[in-house]
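In mature numbering (1 follows the signal peptide of the UniProt record, and there is no 0), the protein residues as written are -20 to -1, 1 to 178.
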């Protein structure tokens, strides 16, 4: 009996502490364009800033004009390959890659084709249609736009820390390669340094 009372009192005390800790949380909606840096780690502002700058650079570089001169004015077809995270943090490069792909589509200076797992999913859908779609609506194999160029890169970091201070240095490198010739036609980099004091 005494043991049951002790368990009940303990359970009530624990639930009261949980309720108190939850009720002190405050959430404020902010603009997604606003730069808020709480931890000093890579964040959405860094991703957006780097993607904007590198996309601007790549779309204003001479490789597009050179390609159009050599191919009767046709826009180059680009596929975005793997952007490898070599930093000390867990960084999901997908949001960064999506920002770049979005800029490619919006500017209409290049044509973008699907790559990676999404391309595999598209091909699986085409395979399914061969059996299950009507003849008039089947999408045929072998009619994809082949990419002229592939964009690849990496995210690197260096941390210099002492006691309660640290400087985190990020460097994003991207390279655009001509798939036919294996020639690198553009290289871009963006560096960010953050001073963090605890």
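We put the beta carbon where it would ideally sit given N, CA and C, even for glycine.
Whole-angstrom distance between residue j and residue i, CA atom to CA atom
{"i": "residue 57", "j": "residue 73", "result": "22 Å"}
{"i": "residue 75", "j": "residue 4", "result": "31 Å"}
{"i": "residue 31", "j": "residue 84", "result": "11 Å"}
{"i": "residue 91", "j": "residue 115", "result": "29 Å"}
{"i": "residue 38", "j": "residue 168", "result": "7 Å"}
{"i": "residue 55", "j": "residue 158", "result": "14 Å"}
{"i": "residue 163", "j": "residue 101", "result": "29 Å"}
{"i": "residue 7", "j": "residue 161", "result": "53 Å"}
{"i": "residue 43", "j": "residue 89", "result": "11 Å"}
{"i": "residue 156", "j": "residue 40", "result": "13 Å"}
{"i": "residue 87", "j": "residue 122", "result": "28 Å"}
{"i": "residue 141", "j": "residue 174", "result": "12 Å"}
{"i": "residue 33", "j": "residue 53", "result": "26 Å"}
{"i": "residue 99", "j": "residue 9", "result": "36 Å"}
{"i": "residue 46", "j": "residue 118", "result": "37 Å"}
{"i": "residue 125", "j": "residue 103", "result": "13 Å"}
{"i": "residue 257", "j": "residue 97", "result": "The structure shown does not extend to residue 257, since the chain is modelled only from -20 to 178, so the question has no answer here."}
Same chain, Cβ closer than 6 Å to residue i, five either side skipped, listed in chain order
{"i": "residue 135", "result": "65, 67, 71, 152"}
{"i": "residue 180", "result": "Residue 180 is absent from the model: the chain starts at -20 and stops at 178."}
{"i": "residue 22", "result": "69, 71"}
{"i": "residue 165", "result": "43, 156, 158"}
Which residues DSSP lists as bridging residue i, in chain order
{"i": "residue 168", "result": "154"}
{"i": "residue 131", "result": "60, 156"}
{"i": "residue 137", "result": "150"}
{"i": "residue 174", "result": "148"}
{"i": "residue 68", "result": "Residue 68 is not bridged to any residue."}
{"i": "residue 142", "result": "145"}
Same chain only: Cβ atoms within 8 Å of residue i, ignoring 5 sequence neighbours per side
{"i": "residue 26", "result": "150, 172"}
{"i": "residue 120", "result": "106"}
{"i": "residue 139", "result": "68, 146, 147, 148, 149"}
Beta-carbon contacts of residue i that lie in its chain and below 7 Å, excluding the five residues immediately before and after
{"i": "residue 137", "result": "67, 68, 69, 148, 149, 150"}
{"i": "residue 77", "result": "60, 63"}
{"i": "residue 113", "result": "none"}
Query raised in the report: Quick one: any contact between the stretch 120 to 133 and the stretch 48 to 63, if contact means 3 or more CB pairs under 8 Å?
Result: Touching, yes.
**Report entry** Complete alpha helix (DSSP H) runs within the stretch 72 to 117 (minimum length 4 residues, chain order)
**Finding:** Taking only runs of at least 4 residues, the alpha helix (DSSP H) segments lying wholly in the stretch 72 to 117 are 74 to 87, 96 to 112.
Query raised in the report: So, do the stretch 105 to 120 and the stretch 137 to 146 have three or more beta carbon pairs nearer to each other than 8 Å?
Result: Inter-segment contact for the stretch 105 to 120 and the stretch 137 to 146 is absent: fewer than three beta-carbon pairs are separated by less than 8 Å.
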